[in-house]
Structures are given as structure tokens and as C-alpha cells.
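Protein chains in written order, with full-length UniProt numbering: chain F, 1 to 212; chain A, 1 to 212; chain U, 1 to 212; chain E, 1 to 212; chain H, 1 to 212; chain D, 1 to 212. Glycine is no exception: its CB is placed at the ideal position from the N, C-alpha and C atoms. If you're wondering where the values come from, they're calculated on a predicted model, not measured in any experiment. Comments concern the structure below.
Number of protein chains: 6
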Amino acid sequence: MKMFLTILFTFALLFSSSQASVQDFCVADLSLSDTPSGYPCKKPSTVTVDAFVFSGLGVAGNTSNLIKAAVTPAFVAQFPGVNGLGLSTARLDLAVDGVIPLHTHPGASEVLIVIQGTICAGFISSSANVVYFKTLNKGDIMVFPQGLLHFQFNSGKIPALAFASFSSPNPGLQITDFALFANDLPTELVVKVTFLDFAQVKKLKAVLGGTN
Amino acid sequence: MKMFLTILFTFALLFSSSQASVQDFCVADLSLSDTPSGYPCKKPSTVTVDAFVFSGLGVAGNTSNLIKAAVTPAFVAQFPGVNGLGLSTARLDLAVDGVIPLHTHPGASEVLIVIQGTICAGFISSSANVVYFKTLNKGDIMVFPQGLLHFQFNSGKIPALAFASFSSPNPGLQITDFALFANDLPTELVVKVTFLDFAQVKKLKAVLGGTN
Amino acid sequence: MKMFLTILFTFALLFSSSQASVQDFCVADLSLSDTPSGYPCKKPSTVTVDAFVFSGLGVAGNTSNLIKAAVTPAFVAQFPGVNGLGLSTARLDLAVDGVIPLHTHPGASEVLIVIQGTICAGFISSSANVVYFKTLNKGDIMVFPQGLLHFQFNSGKIPALAFASFSSPNPGLQITDFALFANDLPTELVVKVTFLDFAQVKKLKAVLGGTN
Amino acid sequence: MKMFLTILFTFALLFSSSQASVQDFCVADLSLSDTPSGYPCKKPSTVTVDAFVFSGLGVAGNTSNLIKAAVTPAFVAQFPGVNGLGLSTARLDLAVDGVIPLHTHPGASEVLIVIQGTICAGFISSSANVVYFKTLNKGDIMVFPQGLLHFQFNSGKIPALAFASFSSPNPGLQITDFALFANDLPTELVVKVTFLDFAQVKKLKAVLGGTN
Amino acid sequence: MKMFLTILFTFALLFSSSQASVQDFCVADLSLSDTPSGYPCKKPSTVTVDAFVFSGLGVAGNTSNLIKAAVTPAFVAQFPGVNGLGLSTARLDLAVDGVIPLHTHPGASEVLIVIQGTICAGFISSSANVVYFKTLNKGDIMVFPQGLLHFQFNSGKIPALAFASFSSPNPGLQITDFALFANDLPTELVVKVTFLDFAQVKKLKAVLGGTN
Amino acid sequence: MKMFLTILFTFALLFSSSQASVQDFCVADLSLSDTPSGYPCKKPSTVTVDAFVFSGLGVAGNTSNLIKAAVTPAFVAQFPGVNGLGLSTARLDLAVDGVIPLHTHPGASEVLIVIQGTICAGFISSSANVVYFKTLNKGDIMVFPQGLLHFQFNSGKIPALAFASFSSPNPGLQITDFALFANDLPTELVVKVTFLDFAQVKKLKAVLGGTN
């Protein structure tokens with residue numbers, strides 16, 4: 001029995017000595033300044049299992065809007081447990097005729113998993129400018145490479161549900177329409193850099209709340 | 001109209017010049033040798049949208065076995081489109097009483113998304129040796145940091161379904177029981193490095209097909 | 001003198017033993033398949049100084065086109081010496097009224113150095129959707145973070161010249177107009193994912209050579 | 001002489017201008033929160049050579065315990081000078097019959113250098129489940145890939161000494177027995193996820209101080 | 001119109017929810033401790049376009065010194081906008097006969113762009129010890145792989161101007177002469193580790209202000 | 001018993017399906033072209049434990065030379081098992097008065113472990129130009145940050161033995177004297193970029209076999 005206690009003692013020593021630098025995980029302390037590699041870590045001793053579990057994706061997003069769609073993110077801001085771990089998740093709800101408009105994630109690749117319904121999804125390669133799109137059924141997955149323009153829309157007759165996984169805790173989201181028509185980028189400038197008609201830009205700025 | 005053609009011409013030139021090095025994606029050519037960063041890429045001109053879509057996760061795995069569970073991977077070997085993109089996916093089916101035994105992924109962190117049923121999941125931190133586990137319901141997600149021992153089992157009364165996302169196209173999977181009892185690691189050696197009883201090791205080796 | 005020869009001998013031995021794995025650089029062998037980390041390397045013994053020097057940026061690009069601008073890349077496809085080294089370069093010529101339309105680089109951040117003339121440049125942040133733009137004079141530099149929509153145009157009365165540096169040998173280039181209007185992405189689909197008017201899409205597809 | 005002073009002056013200017021961002025090294029300030037890339041740096045002006053030297057590995061660890069072995073780490077917590085530099089070190093003392101039980105390093109690969117005695121060491125690959133083990137003599141080195149289960153034990157008749165190097169300042173250490181039997185992971189749960197007999201688990205929990 | 005307002009509302013919600021974790025960029029807060037991945041970020045809401053523009057490279061450096069050359073850096077310390085973005089820039093002015101002495105950048109590869117004049121530049125590979133050098137004319141670019149000794153000097157009859165880009169916001173700069181002769185490294189030690197004559201070392205220490 | 005066989009069967013299936021992409025390790029196939037991330041991998045089925053063990057460091061290097069020192073590397077070229085694993089090793093033998101001349105490793109940080117004797121070691125920081133050096137005794141370790149000039153010499157009265165670990169399988173080695181005086185870099189050029197006296201350069205070129 002004495003031998004047994006000695007093992008215990010040895011192991012305890014072994015671990016106590018390296019305990020200060022444990023970095024199995026790095027739950028984000030959102031109250032501190034972000035860094036290029038992610039948020040500083042909460043002290044491990046203050047972390048419970050709840051830091052690693054997120055329940056916000058169990059509820060459907062509200063699709064009572066024009067795009068008839070909703071994205072519910074579980075990125076580092078909502079789910080601090082993924083900080084530093086190289087991945088995150090989001091829930092997509094698409095009502096009938098719902099659409100996630102053309103967008104990019106500047107900081108991550110994405111895999112979409114269709115759980116219910118039928119979704120048409122696609123992306124456009126950059127320099128070669130090739131379009132890749134396909135209709136996805138329940139259980140199908142599709143990958144969207146980092147930084148490329150892509151879209152998803154409900155191509156079926158029932159609401160669709162999907163989950164998206166990202167290769168970063170903080171993938172970012174840049175919706176092209178939003179970038180062009182929902183801020184104070186001057187209309188003349190939008191016209192200059194997109195070749196869209198002035199009236200078209202004004203029309204969409206009115207819809208999306210853009211000024212100038 | 002001449003002007004219009006000129007734009008077209010300009011863009012075409014612009015793109016043709018950089019076309020040779022397009023690397024928006026790198027669909028794995030599994031016939032070539034792997035490298036530390038992943039497989040060499042198929043020629044983009046031979047790639048179609050099917051390289052980016054995988055349909056194998058739509059079908060339930062066969063859970064008619066002792067663990068009453070099945071894992072269906074969509075890693076780079078099954079889904080070459082994720083090569084080089086930093087993520088992959090798998091489907092988990094757990095019949096009632098099903099369990100995914102204690103295991104690690106040496107090369108990736110994991111996020112589990114529960115689609116149906118109730119799953120109890122947990123992981124154990126390394127040096128601090130703290131256990132984090134919780135019962136997850138439909139829609140809950142949990143993150144398992146890279147390289148740490150973790151497990152999942154069906155804690156409900158109906159079959160459970162979940163999808164796992166990984167922060168690598170090739171996360172690896174090391175089931176502790178399999179490593180100890182399902183190969184030719186000599187029994188004496190297992191005893192020596194685990195302190196398990198000789199009879200216990202022999203018993204599980206018999207079950208799992210281990211020799212020596 | 002014997003001592004001196006011995007040094008020489010020692011050094012020669014020291015180096016010959018590790019010569020096989022020299023990887024100070026990795027000049028791209030463009031004839032082999034790309035990998036997620038870049039092209040396989042040419043044998044160092046076949047590499048001369050010319051692999052590390054590129055003279056193609058000394059000549060102005062042809063700006064006799066509608067956008068009155070030209071981009072001349074020195075990415076890995078044109079300049080194999082940058083393979084694996086984490087950076088590349090391009091030359092921008094903007095005639096009076098020239099414009100580089102809205103675009104992203106999916107794989108790199110960019111720094112622009114104005115050598116001659118006056119350039120107005122800007123980018124749009126993703127989730128926060130803030131526009132950052134400014135007029136740059138000779139000698140000014142501006143940074144454009146990876147994956148974000150940005151643009152440059154000549155805002156002066158003389159031709160402008162600038163060099164762009166990128167944080168990757170293969171930054172990619174996705175011009176939004178080109179992605180939407182210069183390929184076979186169906187018009188209905190463009191309308192669906194951008195909210196642009198059908199006529200607007202058709203008009204620009206005609207200009208840029210898009211079909212469907 | 002005036003010329004000489006001018007050189008000096010020029011160099012001084014050159015360096016003073018970039019001095020604020022010197023990051024040749026980043027000695028860990030363990031009083032601040034860790035980040036995913038390591039600890040924040042001490043101000044370089046407060047750092048002396050002692051930050052880069054560690055003398056704790058010169059003394060044998062205490063092997064008067066059941067495993068007859070001791071591991072003395074020089075990870076970032078003990079040796080803040082390795083912070084951000086991608087490597088660390090540890091000393092292994094194995095008395096006759098000493099053993100380092102089955103374990104993984106979730107965050108690093110390891111190279112073992114045998115300095116004295118004879119050590120039998122091995123690792124088990126993940127998905128392919130192959131065992132690689134060999135007896136190492138003085139001067140032999142062996143590499144253990146990141147995250148894989150491995151072990152070392154003294155297979156000779158004299159005490160053995162070895163040094164281990166790791167590809168991270170903070171490799172982590174998860175001893176399988178410790179994870180299973182030395183914390184509050186409920187016995188029923190251990191049985192469920194390992195298929196070990198209940199009595200076996202209880203027996204080892206008693207030895208290693210586990211509860212529940 | 002109501003529909004339009006709803007879009008706006010949806011988008012606003014979508015973005016407000018992930019706003020806290022926006023990390024399109026990470027402008028350095030130089031008042032906080034550096035980390036291995038760069039400086040902590042300024043709060044995005046306090047950042048204006050001026051953080052992304054640097055005007056210090058528009059003015060020639062002072063070359064009235066012995067080396068007849070000047071380097072003006074736009075590294076993270078001078079240009080906080082490049083923090084975390086993987087690149088930076090510097091201006092090189094070389095008067096007639098000007099020279100940038102032998103040096104390395106421990107943390108980055110470099111691309112040099114010649115804007116005016118003629119520059120002879122070269123680097124030396126490490127283990128194979130091969131010299132690569134060439135005369136560069138206006139518009140030529142040359143790449144210098146990370147960590148290798150290299151040099152540049154004006155080989156023409158007019159002043160030369162060049163810009164250098166680096167694959168890190170903080171490339172570092174170690175001028176060999178400065179390391180050997182401009183600090184307190186004891187003369188005996190310099191002799192021992194370089195085989196230079198004692199008198200030679202003393203002579204250059206006198207020029208460059210070295211002591212001991 | 002039937003149940004047991006079923007487990008076995010399940011596990012076998014589980015593993016066979018992902019076997020093709022096993023990348024626990026990537027033993028270098030030195031017959032193929034290197035890539036920026038390392039050599040392509042040998043087929044795992046052809047790899048034995050001998051790929052992970054290297055016995056070449058058990059024998060002292062030959063120090064019967066002017067520097068009275070020898071470095072025996074176990075980099076990827078000598079020890080293909082470390083390919084892709086982020087670390088490597090070397091043996092240093094220093095006879096009495098032996099010295100490893102001033103050098104850098106362009107691709108790795110280093111930790112030195114003194115096994116026998118007394119070694120004086122130091123490095124010089126880059127922009128700040130500070131010298132850090134200290135006498136190391138048996139068991140002491142010292143870290144040398146990536147790319148910085150450093151040196152080691154025997155400062156005791158008996159032969160010294162040390163092992164060096166590196167944070168890369170291919171750290172590179174650039175000895176300053178060798179780069180300056182042991183190749184065909186023209187003497188005038190060496191003088192120009194180092195300010196050394198012409199005679200000094202000629203003298204050392206004669207010793208080290210340099211030409212021109």
C-alpha cells in the first residue's frame with residue numbers, strides 16, 4: 001500500500017510542476033484585447049464544462065424577413081471555448097425561397113452539412129473564374145474554400161436546415177450587397193468600382209440603408 | 001461596343017497570366033505521395049463540382065455491433081476536396097446504449113453537433129487532469145481540444161445522431177482500447193506501461209483480436 | 001598551413017553531410033503538381049541567380065482599355081523564386097481615370113506603394129461593414145487586410161504607378177464583376193443572390209462576356 | 001575620423017527607429033494571461049541572459065517511487081525563455097525497472113536522446129494501429145510523432161538517463177492511467193468507455209487516488 | 001417597402017451578433033505587451049483609415065554618412081496597421097557608392113523592387129554556401145530568402161531608390177558588422193569565433209563604437 | 001463470444017475506411033522533390049521502427065582539426081523520420097579549446113543541452129544589438145532564438161559534449177566565416193559589404209579555400 005501512495009505522490013508532483021503552463025485549451029477572455037492568434041485565455045481554474053458547450057444552435061433563427069433566412073453563429077464571440085482551437089460553427093435556417101446572399105469568409109474555409117430540406121449551393125473560383133454549384137440533399141456536405149464568393153438558397157418545397165463548420169474560431173462574413181449598399185460608401189464610388197448603373201446603386205442603397 | 005470588348009480582353013489577359021498558379025483549392029490527388037501539408041493537388045482543369053460535394057454522410061452507419069455505434073468519416077481520404085483547407089467532418093450514429101470509446105484525434109480539435117437524441121460527452125485535460133463532461137441535447141454543440149482523451153455515449157432512450165467537425169482534413173483517430181488490445185503489442189508490455197492486471201489485458205486482447 | 005587545410009576539410013565535411021536537405025529556398029518546379037504549401041522545389045544544383053530575379057515589372061502594362069489600368073503580377077507562376085517564401089509582388093499602372101475594380105485576394109494581405117501620381121484606395125471591413133478609404137500620394141503606402149473587398153483608382157491628373165506586395169506567393173485575385181458577369185453563372189441565380197435587377201445583370205454580362 | 005562617427009550615428013538611428021518592435025525573442029511574462037500563441041513578452045530591456053539559460057536539468061529527479069522514474073520539465077512554465085520559439089526540453093531519469101507509463105503529448109512531437117543506460121521505447125500509430133518499438137542504447141535517438149500514445153522503460157541493468165526535446169514550448173502531458181484513474185471520472189463511466197472490468201478500475205483508482 | 005426594411009433589420013441583427021469578434025485586422029496597440037503572434041489589437045471602433053496608411057516612405061532618408069545609404073522602415077513599430085497581417089515594407093536610399101552592409105532578417109524573406117538607378121544585390125545560401133548576385137535595373141525585383149546573409153549596393157552613377165517588402169510585420173535586421181563591432185562583445189571573443197585578426201577587430205570596434 | 005467478434009469487426013471497418021489517409025507521421029522519401037513543408041512521405045506500409053530511430057549520434061565526431069570541434073547532424077537528410085514533425089537534433093563535440101564559430105540557423109531556434117564539460121555560449125540580438133552569453137555547466141540548457149548569430153566554445157579543461165535540438169527538421173546552418181571566405185564571393189565585394197581590410201579577407205580566403 002505504501003508503494004501505491006508513492007505512485008500517487010510522484011504523479012502529483014509531476015503534474016503540479018507543469019500546471020502553470022497548461023494550455024490544452026484557451027477559453028477566450030473577451031474582456032481583454034484580441035491578438036493576431038486570438039483572445040487571451042481565461043485562467044483554467046475558473047473554467048467549467050459550460051465553456052465548452054454552446055446551446056444557442058438548438059433554436060431556429062427567425063426567417064420572417066425578405067431573405068427568408070437566418071444565420072446563427074457560434075464563433076468565438078458567442079462560444080469562447082473555441083478560441084485558439086481552429087474551428088467554429090453556425091446554424092443556417094432557410095425558409096421556402098430563403099437565400100443566403102453572395103458572400104465570403106475572409107478568414108476560413110467552410111463545410112456545409114444539410115440536415116433537412118434541399119439547398120442549392122455554389123462558389124466561384126478566383127483567377128480562373130469558374131462556377132461550381134450543385135443541389136444538396138439531406139446528409140450531403142459541400143466545402144467552400146477560404147475567401148471565395150459563395151451562396152446558398154433553399155431549392156426545395158420545405159424549410160431547410162443546415163450547419164456550417166469553419167476552419168477558424170473567427171471566420172468573418174462579408175456579404176457583397178451589404179459591403180456595397182449598406183454603409184456610407186459614396187454612390188459615385190460604388191459605380192466607379194463596380195460598373196453598376198447609378199440608379200441601381202441608389203435603389204439598393206435605399207433598401208439596405210446605405211447613405212451617400 | 002468596342003469599349004466593352006476591350007474590357008473583356010483586358011480581364012482575359014489579366015487572368016490568363018496568373019492562371020497557372022491558381023490555388024483557391026487543392027483537391028487531393030490520392031495517387032501521389034502525401035506531404036506534411038497534405039496531398040498534391042489535382043490539376044484544376046480536371047476538377048468538377050463533385051470534388052467539393054460528399055454524399056456519404058446521408059446514410060446511417062451500421063450500429064449492429066457491440067458498441068452499438070458507428071463513425072462515418074469524410075476526411076481527405078474519403079472527401080479529397082477538403083485537402084489543404086483545414087477542416088473535415090464525420091457522422092456519428094449511436095443506437096440506444098451506443099458508445100464511442102475513449103479516444104483522441106492527434107491532429108485536430110473537434111466540434112460535435114447533436115442532431116437527434118441525447119449524448120453524454122466529455123474530455124479530460126492533460127497536465128491538470130480535470131474531467132469536463134455534460135449531457136448534450138438536440139442542437140447543442142461541444143468542443144474537444146486537440147489531442148485530449150474524450151468519449152461520447154447515447155444517454156437517452158432513442159437512437160442519437162451527431163455530426164463532428166475537425167480542424168484538419170486528416171484528424172487521425174486513436175481509440176485507447178484499440179491501441180492497447182487490438183494489435184501485437186506484447187501483453188507484458190501493456191501491463192508494464194498501464195499497471196493493468198495481466199488477466200484483464202489478456203481478456204480484452206481476446207475480445208479485440210490482439211496477439212502476443 | 002596544415003592546420004588551415006584541416007579547417008577547410010572539416011567545414012567541407014560538415015556541409016556535405018547536410019547538403020541533401022538544404023532548404024534555404026524552394027524554387028518552384030511548375031511542371032510538378034502543386035501542394036497545399038506550394039510547388040515542389042527544383043533541385044538546388046540546377047538553380048541560378050536568375051531564379052531569384054524577375055525583370056517583368058520594369059515595363060508598363062497596357063492601359064489602353066476601358067478600365068484604363070493594368071496589373072502585372074510577379075506571383076509564383078511568373079516568378080518561381082518566391083515559392084515557399086511567403087510573399088510576392090505586382091505592378092499597377094493606372095492611366096488617367098484608370099480603376100482597379102472592386103476585388104479581393106482570398107489568400108493574402110496587400111501593401112500598396114505609390115511610386116507616381118495620386119491613387120484613391122479603400123477597403124470595406126467584413127462583419128462591421130465599415131469603409132476605409134483615402135487618397136494616397138507618391139511615397140504613401142496602404143495595407144489591405146486578407147480577403148476583404150478593396151479598390152484603387154487614379155484620382156489625379158497624370159498616370160499613376162504603384163507596386164503591390166502580398167503576404168503569399170499565390171494571393172489569388174477575385175474581381176467581383178468578373179465573378180458575377182464574366183462566366184456562365186445563370187442570370188436568375190445572380191439576381192437571386194445579389195438582389196440586382198435582371199436587366200442590370202444582363203447588361204453587364206453582355207459587356208463582360210458572361211453567358212446564361 | 002569624422003566619417004567613422006557618422007557611420008556610428010547612422011547605425012544608431014537605424015536601430016533606434018525600429019527598437020520598439022524588436023521581437024527576436026519573447027520571454028514569457030507568466031504574470032499575464034496566456035494566448036493561443038504563447039505568453040505575452042517581457043519588455044526586452046528587462047531581460048538578461050539568465051532568461052535564456054535553465055539549470056534545473058543538471059540534477060537527477062527523484063526515482064524513489066513505484067514507477068522508479070522521474071520527469072523534470074523545462075517547458076515554458078519553468079523556462080520562460082522558450083516562449084514563442086517552438087521548442088522545449090525535459091530530463092528523464094529511469095532507475096533500474098523504471099517506467100514512464102503510456103502517455104501522449106497533445107501539443108508536440110518528441111525526440112528522445114539516450115545519455116546513459118538502455119531504454120526500450122515505442123509508440124502506436126493511430127488509425128493503422130501499428131506498434132513501433134525498439135531498444136535504444138547510449139547515443140541513440142528516437143522520434144515520437146505528435147499526439148500518439150508512447151512509452152519508455154529502462155530495459156537495462158543500470159539507471160538510465162535521457163533528454164527529451166519537444167516541438168513546442170508547451171507540449172502537454174496526458175498519462176492514460178492518470179486520466180482514467182486519478183481524478184473524479186465516475187467508475188461506471190470509465191467502464192463504459194474502456195470496457196475494463198469494474199473491479200480493475202476500482203483497484204487502480206484506489207492506487208492512484210481517483211474518486212467516484 | 002416593408003420588405004426592404006426587413007432586410008435591413010435582418011442584416012443588422014446578423015452583424016451585430018458577431019461584431020464583438022471582428023478580426024479583419026488587428027491594428028497594434030503598442031502600449032501593451034507584444035506576444036509571439038504580434039501585438040494585441042486596438043479596439044476596432046477606435047481605428048480610422050489613418051491606421052492603414054503610412055506616409056513616412058515618401059521622403060528620402062539621409063545618405064550623408066559613410067555608407068552613403070539609408071533604410072527607412074515601415075515595420076509594425078512605425079506602421080501599426082500591418083500587425084498580424086504577415087507583411088511590412090521599407091524604403092532604401094543609396095547615394096552613389098552607397099552600400100547596405102551584409103545583414104540578415106531573422107524573421108522574414110524580402111523582395112526588393114528597384115525604382116531608380118542600378119543596384120547590385122546578392123545573398124549566400126547556408127549549408128551549400130553558394131553566392132547568388134546580380135545587377136538590378138529599374139523595375140527589376142529580387143527575392144532574398146529568410147535568414148540568409150545578403151547585401152545591396154549602388155553599382156551605378158546616379159542615386160538609387162528601392163522599396164523592400166518583407167513576409168512579416170517585424171522582420172528584424174541583424175547587420176553582421178554591427179553584431180561584431182558595435183557592442184560590448186569582448187574582442188578576444190570576436191577573434192575566437194571569427195578567426196579575424198585582433199587588430200582588425202579593434203580597428204572596426206573603434207569605428208563602430210564597440211567596447212571591450 | 002459473437003458480440004466480441006462483432007466489436008472486432010466494427011473496429012476493423014472503422015479503421016480500414018480511413019487507412020488511406022493516415023498521416024500520424026510522414027517519413028521523408030528523399031528520392032522525391034522537397035516541398036515548402038518538407039519531403040513527400042514514404043508509404044506508411046513500407047516504414048519500420050528503424051525510420052524513427054537514429055544511431056549516428058552515439059559516436060564522437062572527429063575533433064582533430066583547427067576548430068577542435070565537430071557537429072554531427074540528425075536533420076531530415078540523415079534522419080528521415082523527423083520530416084514534417086517540427087524538430088531535429090545534432091551532437092556537438094568540442095575538444096579542449098574547441099569552438100563552433102559564429103553562425104546562424106535560418107530556419108529554427110535551438111536548445112543546447114550540456115552533457116559533459118563546460119561550454120561558453122552566446123547570441124546577439126538583432127536590432128537592439130545586445131550580447132547575451134554565459135558559461136554553461138553539465139546539465140545546463142540554453143536557448144538560441146531563430147536566425148540570430150550565436151557561438152559556442154569549450155571554456156573548460158576537458159572535452160565537452162552537448163546535444164542541440166532544433167525547432168525544424170531542416171534548420172540550416174550558415175557559418176559567417178564560411179559565407180564570407182570559403183566560396184567565390186569576390187574579395188572586393190566582401191570588403192565593400194563588411195568594411196574588413198582587403199588583406200584580412202585575402203588571408204582568410206586562403207585559409208578557408210575561398211577564390212576570387
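**Study point:** N-terminal and C-terminal residue of the beta strand (DSSP E) that Ala164 (chain U) is part of
**Key:** Ala160 to Phe166
Check your understanding: What whole-angstrom Cβ distance do Ala160 (chain D) and Val114 (chain D) have, given they're in contact under 8 Å?
Key -> 7 Å
Practice item. Give the C-beta separation of His105 (chain H) and Gln152 (chain H) to the nearest angstrom, bearing in mind that I take them to be a contact with Cβ-Cβ under 8 Å. Key: Rounded, the Cβ-Cβ distance is 13 Å, inconsistent with contact.
Practice item. Report the residues of the stretch 31-56 of chain A with a CB closer than 7 Å to any CB of chain B, ordered along the chain. Key: The question asks about chain B, but that chain is absent: this structure's protein chains are F, A, U, E, H and D.
Check your understanding: Counting contacts by CB-CB distance shorter than 9 Å, is Phe9 (chain H) in contact with chain F?
Key -> Bear in mind that a pLDDT of 45 at Phe9 (chain H), under 50, signals an unreliable position, so the model cannot answer this.
Check your understanding: Which residues in the same chain as Val27 (chain U) place their Cβ atom closer than 7 Å to its Cβ, once the five residues preceding and following it in sequence are excluded?
Key -> Beyond the five residues adjoining it in sequence on each side, Val27 (chain U) comes within less than 7 Å, by CB distance, of Cys41, Lys42, Val47, Ala51, Pro80, Gly81 and Asn83 in the same chain, given in chain order.
Practice item. Could you check what DSSP says for Thr63 (chain D) in three-state terms: helix, strand or coil? Key: coil
Exercise for review: Keeping to the same chain, check which residues put their C-beta closer than 6 Å to that of Gly61 (chain U); ignore five residues upstream and five downstream.
Suggested key: Ala70, Thr72 and Asp93
Practice item. Kindly list, in the order they appear in chain U, the residues whose Cβ is closer than 7 Å to that of Ala74 (chain H). Key: Ile141
Review point. If you follow the alpha helix (DSSP H) that Val201 (chain U) is part of, which residue opens it and which one closes it?
Key: Phe198 to Leu208
**Study point:** For Gly139 (chain H) and Ser55 (chain U), believed in contact at Cβ under 8 Å, the rounded distance
**Key:** Gly139 (chain H) and Ser55 (chain U) do touch by the CB rule: their CB atoms are close to 7 Å apart, below 8 Å.
**Study point:** Cβ-based burial, Asp184 (chain F) [other Cβ within 10 Å; buried from 16]
**Key:** exposed
Review point. Along chain A, in chain order, which residues have C-beta atoms closer than 7 Å to that of Asn83 (chain D)?
Key: Pro36
Check your understanding: Which class does Ala108 (chain H) belong to by DSSP, given the choice of helix, strand or coil?
Key -> If DSSP states are grouped into helix, strand and coil, Ala108 (chain H) belongs with coil.
Check your understanding: Helix, strand or coil for Asp140 (chain U) per DSSP?
Key -> coil
Check your understanding: Considering only C-alpha positions, which residue in the set H:Thr176, H:Gly98 and H:Ser127 is nearest to Asn65 (chain H)?
Key -> H:Gly98
Practice item. Determine whether the Cβ of Ser21 (chain E) lies closer than 9 Å to any Cβ atom of chain H. Key: Bear in mind that a pLDDT of 47 at Ser21 (chain E), under 50, signals an unreliable position, so the number given afterwards is only what the model happens to contain. Using a CB distance cut-off of 9 Å, Ser21 (chain E) counts as an interface residue toward chain H.
**Study point:** Min CB distance Ala128 (chain H) to chain U below 9 Å
**Key:** yes
Check your understanding: Near Gln78 (chain H), what residues of its chain come up, given a Cβ to Cβ distance below 8 Å and the 5 sequence neighbours on each side ignored?
Key -> Counting only Cβ-Cβ distances below 8 Å, and skipping sequence neighbours, we find Phe54 and Gly56.
Check your understanding: When we look at the beta-carbon of Lys157 (chain H) and count the other beta-carbons within 10 Å, is it buried (16 or more) or exposed?
Key -> exposed
Check your understanding: What residues match up with Tyr132 (chain H) in a beta bridge as DSSP calls it?
Key -> In the DSSP assignment, Tyr132 (chain H) forms a beta bridge with H:Phe123.
Exercise for review: Please list, in chain order, all residues of the same chain as Ala95 (chain D) whose beta carbon is under 6 Å from its beta carbon, the five residues on each side excluded.
Suggested key: Thr63, Lys68 and Pro159
Point to revise | Contact under 9 Å by Cβ, Asp24 (chain E) with Gly107 (chain H) | key: With a cutoff of 9 Å on beta-carbon distance, Asp24 (chain E) and Gly107 (chain H) are scored as near each other.
Point to revise | First and last residue of the uninterrupted alpha helix (DSSP H) at Asp177 (chain A) | key: If you look at Asp177 (chain A), you'll find it in the alpha helix (DSSP H) that goes Thr176 to Phe181.
Review point. Is there contact between the stretch 192-204 of chain F and the stretch 173-183 of chain F, where contact requires at least three CB pairs shorter than 8 Å?
Key: yes
Review point. What is the DSSP secondary structure of Val82 (chain A), reduced to helix, strand or coil?
Key: helix
**Study point:** Residue(s) in a DSSP beta bridge with Gly38 (chain H)
**Key:** Paired residues: H:Thr35.
Review point. Is the CB of Val114 (chain H) under 9 Å away from at least one CB in chain D?
Key: no
Point to revise | Host beta strand (DSSP E) of Thr187 (chain U) (start-end) | key: Looking at the DSSP string, Thr187 (chain U) is not in any beta strand (DSSP E); the run it does join, the alpha helix (DSSP H), is Thr187 to Thr194.
Point to revise | Euclidean distance between Cα positions of His150 (chain E) and Ser109 (chain A) | key: 20 Å
Point to revise | Euclidean distance between Cα positions of Lys192 (chain F) and Ala199 (chain U) | key: 19 Å
Point to revise | Spatially closest choice to Asn170 (chain F) from F:Phe75, F:Ser33 and F:Ala162, by CA coordinates | key: F:Phe75
Check your understanding: Given that Lys192 (chain F) touches chain U, what residues does it touch there, using C-beta distances under 7 Å?
Key -> Val99 and Phe153
Review point. Does the beta carbon of Pro80 (chain F) sit closer than 9 Å to a beta carbon anywhere in chain U?
Key: no
Review point. When you compare each of A:Gly58, A:Ile119 and A:Thr194 to Ile175 (chain E) by their alpha carbons, which one comes out closest?
Key: For the residues A:Gly58, A:Ile119 and A:Thr194, the minimum Cα distance to Ile175 (chain E) belongs to A:Thr194.
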